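Asker: Residue -8 is where the sequence shown starts when you use the working numbering, and the numbers rise one by one after that. Glycine residues also receive a C-beta, built at the ideal position from the N, C-alpha and C atoms. None of the values given here were measured: they were computed from a predicted structure.
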Amino acid sequence: MLQNFGLFIYVSKAAAGPWAQRMLVYQKVGEDLLLLYDWPVSTGRETVEASPSGTQLPTNTPAGYYEFDPKRFYTAYRSTQWDEDMPFAMFFNWIDHGSSTGLAIHGTSPEGESLLGMRASAGCVRLSKDNARTLFAIVRDNFKGMAPKFAFDKHSGTLMNNGLLAHDPEGNLVRDAGYSVLIFVD
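1. Leaving aside the five residues before and after M130 along the sequence, list all residues of the same chain whose C-beta is less than 6 Å from its C-beta, in chain order.
2. Answer with buried or exposed for S33, where buried requires no fewer than 16 other C-beta atoms within 10 angstroms of its C-beta.
3. Report the three-state DSSP secondary structure of T149 (helix, strand or coil).
4. Does DSSP put V32 in a helix, a strand or coil?
5. Should P43 be labelled buried (16 or more other beta-carbon atoms within 10 Å of its own) or exposed?
6. Taking the alpha-carbon positions, what's the F134 to F(-4) distance?
7. Can you check whether the CB of H88 is closer than 8 Å to the CB of H148?
8. Provide the residue span of the alpha helix (DSSP H) that contains R131, from first to last.
9. Give a yes or no on contact between the region 44 to 54 and the region 5 to 21, applying the rule of three or more CB pairs nearer than 8 Å.
10. Taking DSSP as the reference, what is the three-state secondary structure of E75?
11. Consult DSSP for G21 and reduce its assignment to one of helix, strand or coil.
12. Nearest-angstrom Cα distance between D121 and F141?
13. S70 to C115, Cα distance in whole Å?
14. How many Å lie between V16 and T92 at the Cα?
15. Using a 10 Å radius around the Cβ and a threshold of 16 neighbouring Cβ atoms, would you call L(-7) buried or exposed?
16. Please name the residue or residues paired with V165 in a DSSP beta bridge.
17. From the DSSP secondary-structure annotation, give me the bridge partner or partners of P139.
18. With DSSP as the reference, label E58 as helix, strand or coil.
19. E37 lies in the alpha helix (DSSP H); which residues open and close that run?
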C-alpha cells in the first residue's frame, strides 16, 4: 500500500507511552521515508459527552487508515456540532454508515495548545495552529494528484478504514483525484 502514496501521517492516540499523542509526518523519497515533522497532538477524549446543544456524542478518534477529502480543506472552519474554530481543517474522506464524518486534522486555540500531548479533542486530531498551517500547505501544495481509493462496503454504507483499497472488476487499483497522503491513526 505504501508505494501508492507520497506523504504518510502517523497519529498515535495512545494515552501514555513514548509515542502517545504524537504525529509523525514522513515523505517518501525514492524507496525511503524521510521524517519531516514530529509534533504533539490531541486526539479524542474517548468518552461520550454532551455537545453545546445538549446532544450526547462520542468523542473518540477512530483507529484506521484514512485519506483526505480534497473537497473539504478550509483555512477557517467552525464546527457547528461543537461550536469550536477548526483552523486549517483537513477533513478525512470517511463515510461511516452512509454519512460523511466530521473527522479532521486541524489547528486549535491557544487554550487547546496547552493540552497538546493529552487526549483533549471531540474526536479530531488537533495540532498547534502553526503546525496545522504548515501541514495544510505541504499537503495542498505538494501532494495533489491521483490517489488510490479505499474500498466501500455497500452493506454497511461505510468507506473501509482497514487499509483495503478499491479495485475494478479486472483487479486494477481504482484511483481518483485527491491527495497522495495516507493517514494512519493507531
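Answerer: By the coordinates alone:
1. At residue 130 the sequence reads Val, which differs from the Met that was named. Cβ neighbours of V130 beyond the five flanking positions: Y170 and V172.
2. So S33 ends up on the buried side.
3. strand
4. coil
5. exposed
6. 9 Å
7. Correcting the residue identity first, residue 148 is Gly in this sequence and not His. Yes, Cβ-Cβ distance for G148 and H88 is below 8 Å.
8. K120 to N133
9. The region 44 to 54 is not in contact with the region 5 to 21.
10. strand
11. coil
12. 30 Å
13. Here the C-alpha atom of S70 lies approximately 11 Å from the C-alpha atom of C115.
14. 23 Å
15. exposed
16. Note: V165 sits in no beta bridge, so no partner.
17. DSSP lists R166 as partners of P139.
18. coil
19. Premise fails: E37 is in no alpha helix (DSSP H) and is neither H nor E.
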